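Residue numbering for the sequence shown follows the UniProt record's numbering, starting at 1 and increasing by one per position. Contents: one structure, followed by commentary.
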Amino acid sequence: MLFGSRVRKKFSLFFLAIISFLTPKLEAVGLFQPSHNARYGGMGGVNLAIGGSPMDIGTNPANLSLKNRKELEFGISLPYIRTVYKDKFSDPDPNLSYENSESYNVLAPLPYFAIRIPISEKWTYGGGIYIPGGGNGEVSGLTRITPNGQSLNDWSGMKLPSPIGDSRRIQESYSSTFYLVKSTHALSYKIGGLSIALGIEGIYSRQIAYQKFHDITGNIEVPGQGFDYKSKNAYALGGIFGTTYQITDTLKIAYSYQTSAKIPLDGSMQVGSYPSRTGVSATFAVPERHGLGFSYGTDTFKIGVDALYYNYASYTSTYKQTLAAPIFPTAFGQTNVIPQNLSYHDSWALGIGGEWIVNDWTYRLGARHNSGVLRSEGTNALQAGIMVQDLVSGGFGYSTGKWKFDFTLLYYLPVRVYNGGSADWNFNHAVFSKDDIRVNEFKHSLRSDIPAILLGASYSFD
């Protein structure tokens, strides 16, 4: 036990150092990955009733008791988010009409580490640290009309020469990054064919966002406009429960429940030319998750089906930032409340996958369908990761001695979401005053697909 404790401490400190190095540039695929390791990724994320990996701490910790050997597991997921954002503003005046099309690609390193330690014949401990997801987006050089519809000089107070200063056209840049890091510790108890487990999740999060404006050439930044927001380091607690029952020698059923968590993203914001940063109060809620799984398995062949349900609508339909002072500009005056209608919908997922073991090699295939979390009324240019719905995957593993190595190729199929006027993003770019509202003249779309590589390794020891 002393050795196990030392190993846990050393690897936890090492992995925390890796997390600290990655997070300043961290960009992630969505609030939830289909799996947290390379093995399950090769089966389309299916794992609830199959189990057997230390990373069961993040999905169904009851499966920690499936093996009675100590095991370390670590690896990284490398999704490459490919996005095309388009928008169009129509106006009879050709000097006001514009179209934008921008492609941006993001490589999102998502590392993980876990350990499983049997305590007795009935009790098993599992712990680890990993990044389940987050979100990032950045667009720049988008043609816009000034927020109040006036000329650049009249809106900004600048004195640029004509035609630049007299034009109502400008450029906008916007960036937003949000991510989660989890440290989960769980205990599994086995009696007969039944295993049950409880785990505690420590959650770390942060959000950073900014908006900048430039003249239409993109060479001169407009001073005293836009905003820069940085949250403090945010911490929260969550929980996970799991149970697995061995119905026959080959058939298992499993259920898993992950609690919601409220993340306090309080921080500060620089708004325009206001002389100091202003305090911001905000809370982001991560939804709960229910999972039901079935599996058929022998020593050399396993296949499983997972059905999952995410209760987004009860937790993340809106996100509100409250400023300490009413200084945030809108078309209807200054305010201290910045509401964002995310309009996330409850989501379900159905996956099927399996693995086939031939001597030292393991071959895996899987597929998964997710109903859409993001609908048209919640779209903006920066929501690519949460859009993804369907995926296919394949991979292989190789065992040698006490080591196992896993490699997976995973592809999130392309999806496009259109919006014709009902999103906050539309209002922000097509409402210039209470008497000048042109929401129906602004339309946008977002397309994304994600190829991903997952690499993993595990080591069993006595």
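We treat Cβ as the ideally placed atom computed from N, Cα and C, and that holds for glycine. Bear in mind that the values here come from a model prediction, so they are computed numbers and not experimental data.
Proximity of residue i and residue j at Cβ, strictly below 8 Å
i	j	result
Val-337	Thr-318	no
Phe-89	Tyr-80	no
Tyr-174	Ala-381	yes
Ile-131	Tyr-179	yes
Lys-70	Phe-405	no
Val-46	Gly-304	yes
Ser-268	Pro-287	no
Gly-351	Arg-364	no
Gly-141	Ser-176	no
Phe-200	Gly-239	Residue 200 is actually Ile in this sequence, not Phe. Yes, they are a contact pair.
Leu-198	Tyr-255	no
Ser-376	Ala-423	yes
Val-271	Phe-213	no
Simplified DSSP state of residue i, which is helix, strand or coil
i	result
Ile-216	coil
Ile-119	coil
Val-439	helix
Leu-72	strand
Met-43	coil
Asn-136	strand
Ile-131	strand
Pro-56	Reading the sequence as shown, one finds Asp at residue 56 and not Pro. Of the three classes helix, strand and coil, the one that applies to Asp-56 here is helix, per DSSP.
Ile-79	A quick correction: the sequence has Pro, not Ile, at residue 79. Strand.
Leu-66	helix
Leu-110	strand
Asn-105	strand
Pro-339	strand
Asn-100	strand
Ala-285	strand
Leu-26	Only weak support is given to the placement of Leu-26: the predicted model assigns it a pLDDT of 36, under 50, and the value that follows is read from those uncertain coordinates. If DSSP states are grouped into helix, strand and coil, Leu-26 belongs with coil.
Leu-382	coil
residue 466	Residue 466 falls outside the range modelled here, since the chain spans only 1 to 462, and no answer is possible.
Ser-295	strand
Ser-433	strand
Ser-314	coil
Ser-273	coil
Buried/exposed call for residue i, threshold 16 Cβ in 10 Å
i	result
Asp-449	buried
Gln-258	buried
Ala-325	exposed
Val-222	buried
Glu-172	buried
Val-358	exposed
Lys-252	buried
Tyr-235	exposed
Thr-244	buried
Thr-184	buried
Gly-279	exposed
Ser-205	buried
Leu-110	buried
Lys-320	exposed
Lys-122	exposed
Tyr-344	buried
Thr-330	exposed
Lys-159	exposed
Pro-61	buried
Asn-426	buried
Gln-334	exposed
Gly-224	exposed
Which residues DSSP lists as bridging residue i, in chain order
i	result
Thr-330	Gly-333
His-290	Tyr-257, Tyr-309
Val-392	Ala-367, Tyr-411
Thr-243	Ile-196, Tyr-255
residue 467	The requested residue 467 is not part of the displayed model; the chain covers only 1 to 462.
Gly-202	Ser-183, Leu-237
Val-358	Trp-361
Pro-451	Tyr-411
Gly-279	Ser-268
Ala-38	Looking at the DSSP assignment, Ala-38 forms no beta bridge with any residue, so it has no partner.
Glu-377	Partner(s): none; Glu-377 has no beta bridge.
Ile-164	Per DSSP, none; premise fails for Ile-164.
Ile-352	Val-305, Ala-367
Leu-323	Val-280
Thr-400	Trp-403
Gln-150	Per DSSP, none; premise fails for Gln-150.
Thr-177	Asn-136, Ile-208
The ligand SAH heavy atom lying under 7 Å from the CB of residue i
i	result
Met-55	Annotation note on the ligand SAH: not contained in the displayed structure, which lists no ligands.
TODO: Count the C-beta pairs between the stretch 389-404 and the stretch 436-446 that are closer than 8 Å, then say yes if the count reaches three, no if not.
DONE: no
- [ ] Could you tell me whether the stretch 409-416 touches the stretch 52-65, using the rule of 3 or more Cβ pairs below 8 Å?
- [x] no
Open item on the list: Measuring CB atoms only, is the stretch 189-203 touching the stretch 224-232, in the sense that at least three cross pairs come out at less than 8 Å?
Closed with: no
Open item on the list: Between the stretch 35-49 and the stretch 297-314, can you find at least three pairs of beta-carbon atoms closer than 8 Å?
Closed with: yes
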